[in-house]
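Asks: Protein chains in written order, with my numbering: chain A, 20 to 160; chain B, 9 to 347.
No residue lacks a Cβ here, since even glycine has one placed at the ideal position from N, Cα and C.
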Amino acid sequence: MQDRPTSVELLEAAADFVDREVVPAIEGARQFHARVVANVMRIVAREIKLEDPLVRSEVKALARLLGHDAPHLHSLDDLRAAAAGMGEELTAKIRAGEADEGARRGEVLAVVRQSVEDKLRIANPRYLESDIAIRNANKEI
Amino acid sequence: MERIEPGEMVRRLTGFIRTEGRFDSVAIENFRKMPGGASREIWSFDCAMERGGETSRRAMVLRRDPGAHNISTSRRHEFMVIRAAFEERIPVPEVFWVSEDPAVLGSAFFIMERIDGETLARRLLRDDTYARAREVMPAQLAEILAKIHRIDPVKHKLDFLAQPGDNAALSEVKRYEETFRFLALEPHPAFELAFRWLLKRVPKTPRKTLVHGDYRIGNVVFGPEGVRSILDWELAHLGDPMEDVGWMCVRAWRFGNDQKPVGGLGSREDFFHAYEKASGVAVDPEAARFWEVFGNLRWGIITISQARTHIDGFVKSVELASIGRRTAETELELLNLIE
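(1) Is the CB of A:I62 under 8 Å away from at least one CB in chain B?
(2) Contact defined as beta carbons within less than 8 Å: I believe B:I36 pairs with B:T22. What is the distance between those atoms, to the nearest angstrom?
(3) Nearest to B:N106 by alpha carbon, out of B:R83, B:S325, B:R215, B:Y138?
(4) Which stretch, first to last residue, makes up the alpha helix (DSSP H) that contains B:W307?
(5) If the criterion is Cβ atoms closer than 8 Å, does the pair B:A141 and B:F230 meet it?
(6) When you compare the CB of A:G106 with every CB in chain B, is at least one pair closer than 8 Å?
(7) In angstroms with no decimal places, state the Cα-to-Cα distance between B:K208 and B:P293.
(8) Are the CB atoms of B:W261 and B:R224 within a distance shorter than 8 Å?
(9) Please report the straight-line C-alpha distance between B:E185 and B:V144, rounded to a whole angstrom.
(10) With a cut-off of 8 Å, does the C-beta of A:V74 fall near any C-beta of chain B?
(11) Step through the CB atoms of chain A and report whether any lies within less than 8 Å of the CB of B:R91.
(12) Rounded to the nearest angstrom, how far is the Cβ of B:I123 from that of B:S237, given a contact under 8 Å?
(13) Are three or more beta carbon pairs between the region 171-178 of chain B and the region 94-110 of chain A nearer than 8 Å?
(14) If you count every other CB in all the chains shown that lies within 10 Å of the CB of B:T335, and 16 or more means buried, which is it?
(15) Going by C-alpha to C-alpha distance, which of B:R30, B:S33, B:P74, B:A56 sits closest to B:K324?
(16) For B:T338, which residues of its own chain have a beta-carbon under 6 Å away from its beta-carbon, when the five flanking residues on both sides are left out?
(17) Cβ atoms of B:M256 and B:F279: under 8 Å apart, would you say?
(18) For A:H52, decide whether its Cβ has a neighbour in chain B, counting only Cβ atoms nearer than 8 Å.
(19) Report the CB separation of B:A6 from B:R48 in whole angstroms; it is logged as a contact under 8 Å.
(20) Using CA atoms only, rank isn't needed, just tell me which of B:S179, B:T217, B:L206 is closest to B:K163.
(21) Compile a chain-ordered list of the residues in the region 115-129 of chain A whose CB is closer than 8 Å to at least one CB of chain B.
(22) B:L328: which of B:E341, B:T311, B:I346 sits nearest, CA to CA?
(23) Less than 8 Å between the C-beta atoms of B:E300 and B:V258, yes or no?
(24) Taking Cβ positions only, does A:K68 come closer than 8 Å to chain B?
(25) Mind listing, in chain order, the continuous beta strand (DSSP E) runs of no fewer than 3 residues lying wholly within the region 245-290 of chain B?
(26) For the 8 Å Cβ check, are there 3 or more pairs between the region 66-79 of chain A and the region 50-58 of chain A?
(27) Taking only beta carbons into account, state which residues of the region 251-270 of chain B come closer than 7 Å to chain A, listed in chain order.
(28) Can you have a look at B:H245 and say buried or exposed, based on whether 16 or more other CB atoms are within 10 angstroms of its CB?
(29) With C-beta atoms as the reference, is B:F263 less than 8 Å away from B:A154?
(30) From A:V27 to A:M60, what does the alpha carbon distance come to, in whole angstroms?
(31) Throw me the rounded Cβ distance for the B:G234 and B:F302 pair, which I believe falls under 8 Å.
(32) A:G47 CB to nearest chain B CB: under 8 Å?
(33) So is B:H77 in contact with chain A if we call contact Cβ pairs under 8 Å?
(34) DSSP puts B:I36 in a beta bridge; with which residues?
(35) Name the chain B residues that come within less than 8 Å of A:A103, Cβ to Cβ?
(36) Please report how far the alpha carbon of B:E284 lies from the alpha carbon of B:L273, in whole angstroms.
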């Protein structure tokens, strides 16, 4: 058991320092890289918070799509390995033409979209939000 | 790669230019590294060259490989393509000297004219200074692209450019699929779906021209009045000219300005129309769409490649590392395009 601040709190404190104190004090290539550093720390903070629930739901969705029983896994490492293994199985089916057309294509696209959106919830939530806003606006037209 | 300090680079560069240009003396000032350039280092400097008592001064940039790369290209070839474009009065920097001898600066490089202006696409899309540039640039970029596609590779001795085979589109898809299978560390079902979509829609390619290969607003020097210069010719090849048209429409170059698909500046229809007017060749919207999907997929594969460059230790860089987490952005756009 570690003391507070939590890993997320530490990372956010470090990222805030880089954004507020370091970025304005330097310029050029260094400034650009300092922004990248702050962004990377925020990605890691979101991953610490969100990876566990996201990979659990991904494993469930992939198992359902591929017709497997939902595996009972607890450790994050096992969950990651299960998601990667079923991801390989799914790509083999796509390459064999299973998702080229029909209802199966819709099912596959829905699960793949969910996995991609889950990656963006960690890597770039703003991009995901703006994509959803654009798609909703296009639907209204 | 040998690590050379900037002071030592200036010393070696001075000697190189003196020899190559047969000058009596050369003086380099204001030598500094430019921001950006994830795959190439850019150094800016001012050069005074003296021969027979006469001194000339030029603003110059040095473009250098930072080290070994997954996707490697030849500096000499890039140099020759830019020279051909310059001779055809396309707005490009004048190129001066090229060297692929690692003894000079540790890796291959070439030296060209420095064009003053802005290259940051975000400024183009947001700053009031560039309101006029935003208006005129889509048509300018279409006209310049039509000129690029008219460059005669035989006349300019560009015979080193890779031949695309019977179908440029099919060979490009196959080439990138091979790269993807070699580099990807995780399964990417969205990319697999995009490859399937593309293989069913390979356009017949009646034209074969020089293709810039990286034609996007991030590779344009601009001023408040519009386009000043087209940069980054390292991926030039022979192929379907619609490849450049589709690449211009890739989402990553819109920087959030998604209601304007062409570089965040304009509509596809206006861009195609301006290209048709300048080239006299009709743009098939289906072919353009094929190349737009291909472009997004290609950018996705490049993000994987850039991350691998870091992961494998060729170039350790927080920027390259972070690009690995941008792959999902292109996956989402591909799903939007092929659903």
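Replies: Per the coordinate set shown:
(1) Yes, its Cβ sits closer than 8 Å to a Cβ of chain B.
(2) A Cβ-Cβ distance of about 5 Å is found for the pair B:I36 and B:T22, placing them in contact under the 8 Å criterion.
(3) According to the sequence provided, residue 106 of chain B is Val. The question's Asn does not apply to it. The residue with the shortest Cα to Cα distance from B:V106 is B:R83.
(4) From DSSP, the alpha helix (DSSP H) with B:W307 extends over 293-319.
(5) Their beta carbons are under 8 Å apart, which means B:A141 touches B:F230 by this criterion.
(6) True, the Cβ-Cβ gap to chain B drops below 8 Å.
(7) If you take the alpha carbons of B:K208 and B:P293, they lie about 16 Å apart.
(8) B:R224 places its beta carbon less than 8 Å from that of B:W261.
(9) Their backbone Cα atoms lie some 37 Å apart in a straight line.
(10) By this cut-off, A:V74 is not an interface position.
(11) No - not a single Cβ of chain A is within 8 Å of the one on B:R91.
(12) Sure, about 4 Å apart at Cβ, within 8 Å.
(13) Flag = no, the region 171-178 of chain B and the region 94-110 of chain A do not touch.
(14) Counting C-beta atoms within 10 angstroms of its own C-beta, B:T335 has 16 or more neighbours from the protein chains shown and is therefore classed as buried.
(15) Minimum Cα distance to B:K324 is reached at B:P74.
(16) If the five residues before and after B:T338 are omitted, its C-beta is found closer than 6 Å to the C-beta atoms of N304, W307, G308, all from its own chain and listed in chain order.
(17) Their beta carbons are under 8 Å apart, which means B:F279 touches B:M256 by this criterion.
(18) Yes, A:H52 counts as interfacial toward chain B.
(19) No answer is possible for residue 6 of chain B: it lies beyond the span of chain B, which begins at 9 and ends at 347.
(20) It is B:T217 whose Cα lies nearest to the Cα of B:K163.
(21) Those residues of the region 115-129 of chain A that come within reach of chain B (Cβ to Cβ, closer than 8 Å) are G116, A118, D119, V127, L128.
(22) When only C-alpha atoms are compared, the closest one is B:T311.
(23) For B:E300 and B:V258, yes; Cβs fall inside 8 Å.
(24) Not a single C-beta of chain B is nearer than 8 Å to the C-beta of A:K68.
(25) Correct list: 245-247.
(26) Two segments are said to touch when three or more pairs of C-beta atoms, one from each, lie closer than 8 Å; by this definition the region 66-79 of chain A does not touch the region 50-58 of chain A.
(27) Cβ contacts with chain A come from G264, D266.
(28) Answer is buried; the Cβ neighbour count reaches 16.
(29) No, these two residues do not count as a Cβ contact at 8 Å.
(30) So the alpha carbons of these two residues sit roughly 9 Å apart.
(31) The C-beta separation of B:G234 from B:F302 comes to about 28 Å, leaving the pair out of contact by the 8 Å criterion.
(32) At least one C-beta of chain B is nearer than 8 Å to the C-beta of A:G47.
(33) With a pLDDT of 48 at B:H77, under the threshold of 50, the modelled position of that residue is not reliable, and no figure is offered here.
(34) For B:I36, which the question treats as bridged, DSSP gives the partners B:C55.
(35) In chain order: E194, P195.
(36) Between B:E284 and B:L273, the C-alpha separation is close to 18 Å.
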